[in-house]
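K.L.:
What follows is a single structure, and I will ask about it in a moment.
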Amino acid sequence: MLSPQQLFARLEQLGIAQRSIEHPAVFTVEEAKALRGDLPGHHVKNLFLRNKKEEMWLVVALEDRAIDLRRLGEVLGAGRLSFGSAERLKRHLGVEPGSVTPLALINDEARTVRLALDRGLGDGGPVNVHPLVNTMTTAMAAQDLLRFFAATGHEPRWLDFPL
292 MLSPQQLFAR LEQLGIAQRS IEHPAVFTVE EAKALRGDLP GHHVKNLFLR
342 NKKEEMWLVV ALEDRAIDLR RLGEVLGAGR LSFGSAERLK RHLGVEPGSV
392 TPLALINDEA RTVRLALDRG LGDGGPVNVH PLVNTMTTAM AAQDLLRFFA
442 ATGHEPRWLD FPL
């Protein structure tokens with residue numbers, strides 16, 4: 292699994308500009324809001340989910356979106372969804388709880404995790420995410436994040452929230 296520095300090197304190889312800041316560890320949207328000050332752009336929450344068939348999903352939504360897991364499972368055609376365990380998270384995305392991020396898809400070389408994105412992320416402005424650890428925030432253009440997904444072989448499914 293990659294370190295943040297290895298991730299940054301890979302982003303540079305892809306020609307993806309990013310800006311990162313360090314901060315104390317954050318585990319919730321509320322903690323992130325309290326620490327970030329006036330950091331511009333979209334701020335997200337990331338849900339690592341699974342269903343009974345052992346299909347894994349990474350859902351990336353604007354931080355203030357309410358998400359009904361039952362409805363989300365219906366929309367995705369995934370059935371009943373629940374949160375993936377810390378062990379599954381580490382095995383599939385290589386990160387710890389609190390550090391879930393779309394950038395962790397770089398560690399999913401087998402492409403077993405499906406990606407669902409909030410359509411609101413595409414309306415301009417940078418997207419702020421963790422770079423594999425929850426002690427940093429990385430900002431990048433939305434179109435660069437999409438190029439990153441393409442480079443990792445993860446085609447996003449766009450969702451309109453609320454579902």
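Going by this note's numbering, 295 is the number at position 4 of the sequence shown; the sequence numbering is gapless. Note that the Cβ used here is the ideal one computed from N, Cα and C, for glycine as well. Since the model is a prediction, treat every value here as computed from it, not as a measurement.
1. Going by the beta-carbon positions, is the gap between residue 353 and residue 337 smaller than 8 Å?
2. May I ask you to report which of helix, strand or coil DSSP gives residue 365?
3. Would you kindly work out how many angstroms separate the C-alpha atoms of residue 418 and residue 433, rounded to a whole number?
4. Using a Cβ-Cβ cut-off of 6 Å (strictly less than) and excluding sequence neighbours within five positions of residue 425, which residues of its own chain qualify?
5. Kindly provide the ranges of any alpha helix (DSSP H) runs that are 4 or more residues long and lie completely inside the region 376 to 452, ordered along the chain.
6. Just verifying my parser: in three-state terms, what is the DSSP assignment at residue 351?
7. Which class does residue 326 belong to by DSSP, given the choice of helix, strand or coil?
8. I want to know whether the region 433 to 444 touches the region 366 to 384 - three or more CB-CB distances under 8 Å.
P.N.:
Well, looking at it:
1. No; because the gap between Cβ atoms is not below 8 Å, this pair is not in contact.
2. helix
3. 6 Å
4. 316, 317, 389 and 390
5. 377 to 384 and 433 to 443
6. strand
7. helix
8. At 8 Å Cβ cutoff, the stretches do not touch.
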